[in-house]
Structure formats: structure tokens, C-alpha cells
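Notes for the one structure printed next.
2 protein chains.
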Amino acid sequence: MTSYRADITAVARAAGVSPATVSRVLNHPGLVSAPTRNRVEAAIRATGYIRNRAAQSMHGRRSATLGLVVPTVDYSIFAELVQSFNDAVAEHEFTLLLATHGYDLAAEYRVLRKLYEHRVDGIALIGLDHDADTFRLIASQDVPVVAAWAWAAESPLPCIGADNAEAGRVAARHLLDLGHRRIALVFPPSDKNDRARARLDAVQAALAAAGCAPPARWCARAPYDTSQAKAVCRDLLAGRDRPSALICGNDVIAQGAIAAATAQGLAIPGALSIMGIGDFPGSADTVPALSTVAIPARRIGARAGRHLVECLSGGPPAGILRERLPVELHRRGTTAPPGIA
Amino acid sequence: MTSYRADITAVARAAGVSPATVSRVLNHPGLVSAPTRNRVEAAIRATGYIRNRAAQSMHGRRSATLGLVVPTVDYSIFAELVQSFNDAVAEHEFTLLLATHGYDLAAEYRVLRKLYEHRVDGIALIGLDHDADTFRLIASQDVPVVAAWAWAAESPLPCIGADNAEAGRVAARHLLDLGHRRIALVFPPSDKNDRARARLDAVQAALAAAGCAPPARWCARAPYDTSQAKAVCRDLLAGRDRPSALICGNDVIAQGAIAAATAQGLAIPGALSIMGIGDFPGSADTVPALSTVAIPARRIGARAGRHLVECLSGGPPAGILRERLPVELHRRGTTAPPGIA
DNA sequence: AATAGCGTTGCAAATGTTTTCATCGCGGTT
DNA sequence: AACCGCGATGAAAACATTTGCAACGCTATT
Chain A
1344 MTSYRADITA VARAAGVSPA TVSRVLNHPG LVSAPTRNRV EAAIRATGYI
1394 RNRAAQSMHG RRSATLGLVV PTVDYSIFAE LVQSFNDAVA EHEFTLLLAT
1444 HGYDLAAEYR VLRKLYEHRV DGIALIGLDH DADTFRLIAS QDVPVVAAWA
1494 WAAESPLPCI GADNAEAGRV AARHLLDLGH RRIALVFPPS DKNDRARARL
1544 DAVQAALAAA GCAPPARWCA RAPYDTSQAK AVCRDLLAGR DRPSALICGN
1594 DVIAQGAIAA ATAQGLAIPG ALSIMGIGDF PGSADTVPAL STVAIPARRI
1644 GARAGRHLVE CLSGGPPAGI LRERLPVELH RRGTTAPPGI A
Chain B
1344 MTSYRADITA VARAAGVSPA TVSRVLNHPG LVSAPTRNRV EAAIRATGYI
1394 RNRAAQSMHG RRSATLGLVV PTVDYSIFAE LVQSFNDAVA EHEFTLLLAT
1444 HGYDLAAEYR VLRKLYEHRV DGIALIGLDH DADTFRLIAS QDVPVVAAWA
1494 WAAESPLPCI GADNAEAGRV AARHLLDLGH RRIALVFPPS DKNDRARARL
1544 DAVQAALAAA GCAPPARWCA RAPYDTSQAK AVCRDLLAGR DRPSALICGN
1594 DVIAQGAIAA ATAQGLAIPG ALSIMGIGDF PGSADTVPAL STVAIPARRI
1644 GARAGRHLVE CLSGGPPAGI LRERLPVELH RRGTTAPPGI A
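Have a look at this one:
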């Protein structure tokens, strides 16, 4: 009842044993006889003892935390990944140390340092673009790390994710196959976002190969924010020289595009086809349902979590892991052949 | 370059000072003279030293972590709260220890214990319903805590949030004011979710007071999942005896309702009005835009973070804080007077 | 000239736990 | 009867850091 916080020696005193025995009950219960174990467990309950992971981790023991660094948890972009990563590692008694950097790679370095200060046992971060400082820090630390979300054949870090270039190609191909030639692009600033850059480059390459590279005025920039994307798309769709289809950097932008088109009285997909990338939760169930290229966020998160857990249980990090999870085209209600309005 | 991890004594050796001085440079730079400070800082960089928060926190010093316990980070329900909470505390050098329990209050107790094992400096959790064990644990720990999201006049824990009953009343009132009398409800199971329960009870009370308590077949249960909600709503709207309006437990369910109604060819809001609660990101920009009662998630998260930070800087916890943030009706495109189809 | 006071630094104790090593008692072997 | 091995437990060192206390070399005061 007192506000004094019991430590291991208090428990030991209460149970009439040594602190070592209490420690053993907690960590190697097999080493201590049943009667004393019961006595100790009773003492733990009676004193309200809660073990101190900080003191534990001072012995080179695990801190039982894993760091997860994402650009943002806003919107549902990374929500599924965070959740599935968490579920995967929580099973193994790990707790998540979560940090965000808002797409600022210098901030990413700082939060990463903080995670190392807390002696996380492993680290997952998003994507392959990072500061040189960040790479150096990771290399110096000897803590398992995995870059989730994106995949690249020559990634310097172990990576588990989708091939964003392919996602872009699939999106472009879909619209081209439907017969579109007047295709506009709405993507986020991609200088520090390898995922967006890979998608955009691939889309442009595919369109150029098909002989319909979009003019500059059809290459718009919008952040990952539905309302702002809506405003950008309104401008894009305002003129009379209008594209017949839009490829959006992700589903959040695509929702903004749908809103803008509807507000302008453009029928979807009759007068305008819209293509997202990501397949975020809800995208299948909006009206009209969004055509998109699915990035398997849940599988990526779960797989990344599992990978770290494996590394930490002496799993085989033979060579650096690079795992590509497939993207998948979902034809839904926002795409159709052009000009059937 | 070696994989040896420098500790404070290595830095001290490199700088030609004692470990105590290094510690002082890090924690009380004012106490050490400029020349030695520079020498030490150079040594820190040279050795790649990263301080060890675990060892630090053993001295009763802060762990610089705050625990945040949410039901889930899936969907965008709590995403804004997590993000704004994080932003608020990151400014003060705190890192987030995130745990989820999937609306299982026994699991909540377990993750809370884990957070205490890590010696978090403060804890935020969602809502006011918790196991008796959880309340006991919190009371015994002498760590500042705040219940975010929901507000209640007699909350045993400090709370910062919205009055969910009022949110329910506002939603019901809006539809009643529009002239609806045939109103159906789609809510999640509310036995362990005080927010949903408060909303549902208030809605039912308001409808009963207006003489149009919904029959049991119009009180549907759906989890917070658009697809599943869609299925539930399809059944609800299938019969010929159809409500003229729907109140949904939150916006995720409402999106499912919109999808179900559209799939059945019901015009919104002509043939069916739909009301959400929450105002999640994107709700304003779907088509049609969702009428909803906004819960100020960002403000709640930021305020909760700020409150903990204040408690930890000797702020004034004079009496237990109970702060109510206002809900707000957003009339948008999914509600209209009945029967104008 | 002796000393008081001050700023800077080092020493060593303390923090809570794990783990190695040693001890102890006990049943079974030779 | 002496001994060996074994299971269970305790004593103490180790982990990386912080901090109270003491000591040191100065300057300024009496």
C-alpha cells in the first residue's frame, strides 16, 4: 500500500530467500525447486513487485524493445504496418518503441539515435533513402535492422517490401491497357522519399515508352493529405484541356482526386479514371471503390517483425535478406476505358 | 570502426578525464569548464559513444519514455491521436513506448505491466473502462497517468477528451431535427468500450425521448471495420421495412454503410441519411462527404501529451484533471430531410 | 601571510539486476 | 565408511551510469 516501489531484494526478504533466487524464479524457473518457487511467487504478488528491465538490460541482457521508425502514423498509410509489426513482435514479449520523423531524414537520424540510447534490440525503418549519417550509425551499432516497405535488388540494408517501380508500372499499364493516352500524375515531393520516386519514375518511363509522356502541367505535386490533394486536383482538372485519367502517388491522394472530380461534376470513371497506389483500408469500400495497386502492408509489417525476432533468436542472417512481396492490381470502380461518358 | 560499443569510461579515457566529468558534460554542461567540455565532446564523437538510458534510469533518473496504450492503431481511428501525442512529447525529448490491446481489457492490463517494467515516466491510455486490476496497478505505481479520448465528470483517472454521450445526443438530434423518425443504429459491441457505450446509450435515450426508439432489428452490431460494417448494413437495409436514417458508431462504420447503401442503389442522402461519429481524416473528402460529429482527436492527443509533460516537470496536478473538449456537428453530404428521393 | 571562498574535477558509493562460482546437504557407489 | 555427483541456494562481482563529498589550485580578503 505504501508508495515505495519494491525491488528484488524486498521480494527476497519477504520470501526468505536471496535475491539470486528471485531472479532465477523470474528468468529460469526450472532451476528452482517448486516449494521455494511458490514462496517467491507469493512474495512477488504480495509486494507488488515489477521487474526492472532497465537494470536487466544493463547486463547485456535484452531490453525487450524494438524500435520502429516511420515517417508518420497519420492517415492509414503506415497504420496497418505498425499494427502488424507490433502484433508479430508482441507475441515474443517485445514492446514497441515508436518514433516518427515526418519525412525529414535529418530528423530520422535524431530519432534513430534516441532509439539506440534506449538500447533497442532491433530496428525497423521505412524505405531505402536515408542520410549518410544514418547509414554510418546503423553500421556502427551491431543491432539487427530491417528496412520495410520498399524492396530493391541492391539495397545496402536488409529489406522487406514491395517493388515500388513495379507498382508504378502496373498502375500505368492498367490505364494504358484500358486505352488511355491522356494521363496526368499527382505525386508527393519525391526528393527524400524513395518509394514515391520509384513509383513516379516507373510511371513516367512506362508512359514515355507508350508514347504518351505527360506534359509538365500534368505532373502535379501534392502531399499525402486528402484535402490538399483535392485542391491540387481541382486546378489540374479545371482547364478544358483535361486528362482522361489520373495516376496518384497513393490512395490518400486518390481520394482527394475523387473528391475534386466529383465536385467538378466529372463522372468517375466515365469522364475520368483514377488510379491509386497502396490499397489502404477503406479504399475497397468507398464509393466508387478505388482502383489501386495493393502494397501488402500487413504482410510487410508482420514479416519485418518476424525477421527481427529471428535475428535475435540466433536465426540465420546468412547474407543480407532482401525479400520482395508482390504488388497486386485491384480493378475496381474508378477506372474504365476513356470517353464512355 | 570496431564493433565494440564505447561506454562512458572509454570516452573518459579518450578525453583524459574521469567518467564523472563525461557524465556532467552530458547532463549538466554548465558545471564543467569550456576547454574540458570541448575535449569531452570531441571524444564522444570520436568514439561514437551513445549514452545508455537504461543505466541512467537506474539512478531514479527519468527513462525519457512515455507509454501509450491504444486499442489499435489500425484504421485511422487513433492514428491522429498517436501522432499528435507523439509530436507533443517528442519536443521534450520523450520517446513513445506504444502498446495495443485490441479492445481486450485483460490484454490491456498485461501490456500496461510491460510498460511499467520499462519504467516509463508517464502513461496515457484510451477511455475510462478498465479492469479492476488495471486500476489497482495504476494506483500502486505513482507514475502520472492520463485517460485520453473520453471525458466523464466522475472519472477516477485524470481524463482529457470528449463527452461521448454528448456526441451521441448531437448525432441523434441532428437527424431528429431533419425530421427523421425511422432511425437505425449500427454500433460496435460496447460491453468493454465505454466510448461506444456512452454514445449508444445517449442516442437511444434521445430517440426514446422523441418517441422513436428503434426496434431491436434496427440495432445492429458491427466491429470497427468498413468491410464487415458494409455486410451488416446490407442486411439491415435489405428488407422493405427500411429506416430513413442510420447512426453509426464511428466513421469507419459509416463508410461501410455508405458502401452498402450505394451497392443497393439507395440514394444518399435522398433515400437514406447516414451519420458518423468521429470525423476521421478523409471523412470530409469522400463522396458524398460524411456528416459526422467531430471528436477533436488531434487536440486530445496533444493535450494529453502536454499534461504528462507538465506533471513530470513538477507541474501542478492540484486535484485530478478532468478536461472536456467540445464535440462539433459537421453537416455534410450524407444527411438531409427524409423522403426527398 | 594566512585563510576563506570558489570553480573544477576526481573518487567512490549507490542504483537493481544477472550470473558465475562456491557451498551445502543428500542419496547412491565402491 | 569415505566419496562422488547432483540439485538447490547463496555470496559477490559485474554491468554503465550518476552524484555527494572531498580535494585541488586559485584569487581575494583580512
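So the sequences go chain by chain: A and B. Everything in the first sequence is counted per the working numbering, starting at 1344 for the first residue and increasing by one. Everything in the second sequence is counted per the working numbering, starting at 1344 for the first residue and increasing by one. Don't be surprised by glycine CBs; every beta carbon is placed ideally from N, CA and C. Remember, predicted model here, so these are calculated numbers, not experimental data.
Under 8 Å between C-beta atoms of residue i and residue j
i          : j          : result
A/Ala-1572 : A/Ala-1553 : no
A/Ile-1469 : A/Leu-1458 : no
A/Ala-1505 : A/Pro-1414 : no
A/Gly-1644 : A/Ala-1491 : yes
B/Val-1375 : B/Arg-1367 : yes
A/Gly-1648 : A/Val-1432 : yes
B/Val-1463 : A/Val-1425 : no
A/Gly-1592 : A/Pro-1669 : no
B/Val-1489 : B/His-1371 : no
B/Gly-1391 : B/Ala-1349 : yes
A/Asp-1622 : A/Ala-1637 : yes
A/Glu-1451 : A/Asp-1474 : yes
A/Pro-1487 : A/Leu-1655 : yes
A/Ala-1563 : A/Leu-1579 : yes
A/Ala-1514 : A/Ile-1420 : no
Integer-rounded CB distance, given that residue j should sit under 8 Å from residue i
i          : j          : result
A/Ala-1602 : B/Val-1575 : About 26 Å separates the two Cβ atoms, so there is no contact after all.
A/Ile-1481 : A/Arg-1646 : Not quite, the Cβ-Cβ distance comes to about 19 Å (not below 8 Å), so this is no contact.
A/Ile-1596 : A/Ala-1604 : The Cβ separation is near 13 Å, so there is no contact.
B/Leu-1731 : B/Asn-1429 : Because chain B here runs from 1344 to 1684, residue 1731 of chain B falls outside it and cannot be looked at.
B/Gly-1619 : B/Leu-1633 : 5 Å
A/Ala-1422 : B/Ala-1422 : 5 Å
A/Ala-1397 : B/Ser-1400 : 5 Å
A/Ala-1386 : A/Ala-1363 : Actually they do not touch by this definition, with Cβ atoms about 14 Å apart.
B/Ala-1556 : B/Gln-1547 : 7 Å
Closer than 7 Å at the beta carbon, the chain B residues around residue i
i          : result
A/Tyr-1446 : Here the premise fails: no neighbours, minimum Cβ distance about 13 Å.
A/Val-1630 : Ile-1601, Ala-1602, Thr-1605 and Val-1630
A/Lys-1457 : Thr-1438
A/Asn-1593 : Residues of chain B passing the Cβ test: none, with the nearest at roughly 12 Å.
A/Ser-1483 : Gly-1391
A/Asn-1507 : Per Cβ cutoff of 7 Å: no residues; A/Asn-1507 is ~22 Å from chain B at best.
A/Ser-1419 : Tyr-1418, Ser-1419 and Ala-1422
Candidates the options: closest to residue i by CA position
i          : options                                           : result
B/Ile-1526 : B/Ala-1493, B/Ser-1587, B/Val-1486 and B/Phe-1478 : B/Ser-1587
B/Leu-1411 : B/Leu-1455, B/Ser-1366, B/Arg-1649 and B/Gln-1484 : B/Leu-1455
B/His-1517 : B/Ala-1397, B/Leu-1668, B/Val-1652 and B/Ala-1549 : B/Ala-1549
B/Glu-1460 : A/Leu-1471, A/Glu-1436 and A/Asp-1447             : A/Glu-1436
A/Asp-1594 : B/Arg-1667, B/Gly-1625 and B/Ala-1357             : B/Gly-1625
B/Gly-1522 : B/Ala-1515, B/Pro-1680, B/Glu-1671 and B/Ser-1361 : B/Pro-1680
B/Asn-1381 : B/Arg-1396, B/Val-1360, B/Ala-1397 and B/Thr-1569 : B/Val-1360
A/Ala-1495 : A/Arg-1674, A/Tyr-1452, A/Asn-1507 and A/Met-1401 : A/Asn-1507
A/Pro-1499 : A/Glu-1666, A/Thr-1678 and A/Gly-1676             : A/Glu-1666
B/Leu-1409 : B/Val-1652, B/Gly-1657, B/Asp-1476 and B/Arg-1577 : B/Val-1652
B/Gly-1682 : B/Ile-1611, B/Ala-1422, B/Cys-1562 and B/Met-1401 : B/Ile-1611
B/Trp-1561 : B/Tyr-1567, B/Ala-1493 and B/Arg-1577             : B/Arg-1577
B/Ala-1627 : B/Ser-1406, B/Arg-1675 and B/Glu-1509             : B/Arg-1675
B/Val-1529 : B/Asp-1544, B/Asp-1520 and B/Leu-1519             : B/Asp-1544
B/Glu-1509 : B/Ser-1400, B/Thr-1635, B/Thr-1443 and B/Pro-1378 : B/Thr-1635
B/Arg-1453 : B/Asp-1476, B/Gly-1662, B/Glu-1384 and B/Asp-1472 : B/Asp-1476
B/Arg-1479 : A/Ala-1539, A/Arg-1388 and A/Ala-1398             : A/Arg-1388
A/Arg-1538 : A/Asp-1472, A/Thr-1569 and A/Ser-1570             : A/Asp-1472
B/Arg-1641 : A/Ile-1351, A/Thr-1379 and A/Tyr-1418             : A/Tyr-1418
7 Å Cβ cut-off: residues of chain A touching residue i
i          : result
B/Val-1416 : Val-1416, Ala-1422, Val-1425 and Gln-1426
B/Ser-1656 : Per Cβ cutoff of 7 Å: no residues; B/Ser-1656 is ~19 Å from chain A at best.
Partner residues on chain A for residue i, Cβ-Cβ distance less than 8 Å
i          : result
B/Thr-1408 : Leu-1440 and His-1461
B/Asn-1536 : In chain order: nothing, as chain A lies at least about 18 Å away.
Cross-chain neighbours of residue i in chain A, by beta carbon under 9 Å
i          : result
B/Ser-1634 : Chain A residues near B/Ser-1634: none, gap ~15 Å exceeds 9 Å.
B/Gln-1547 : What B/Gln-1547 touches in chain A: nothing, since even the nearest Cβ is about 27 Å away.
Under 9 Å from the C-beta of residue i: neighbouring residues of chain B
i          : result
A/Thr-1569 : Pro-1624, Gly-1625, Ala-1627, Asp-1628 and Thr-1629
Contact test: residue i Cβ vs the ligand ADP heavy atom, cutoff 7 Å
i          : result
A/Gly-1504 : Among the ligands in the structure shown, none appear at all, so the ligand ADP cannot be discussed.
Neighbour list for residue i in chain B, Cβ cutoff strictly below 8 Å
i          : result
A/Thr-1677 : Under the 8 Å cutoff, chain B gives no residues; its nearest Cβ is about 11 Å from A/Thr-1677.
Along the segment 1359-1384 of chain B, what residues have a CB closer than 7 Å to any CB found in chain A? none
Quick one, which residues of the segment 1391-1404 of chain B are near chain A if we go by CB-CB under 9 Å, in chain order? Listed by position, the residues of the segment 1391-1404 of chain B near chain A (Cβ gap below 9 Å) are Gly-1391, Ile-1393, Arg-1394, Asn-1395, Arg-1396, Ala-1397, Ala-1398, Gln-1399, Ser-1400 and Met-1401.
Members of the segment 1488-1503 of chain A near chain B, C-beta cut-off 7 Å: none
Relative to chain B, which residues along the segment 1560-1589 of chain A have a C-beta separation below 9 Å, given in chain order? Asp-1568, Thr-1569, Ser-1570, Ala-1572 and Lys-1573
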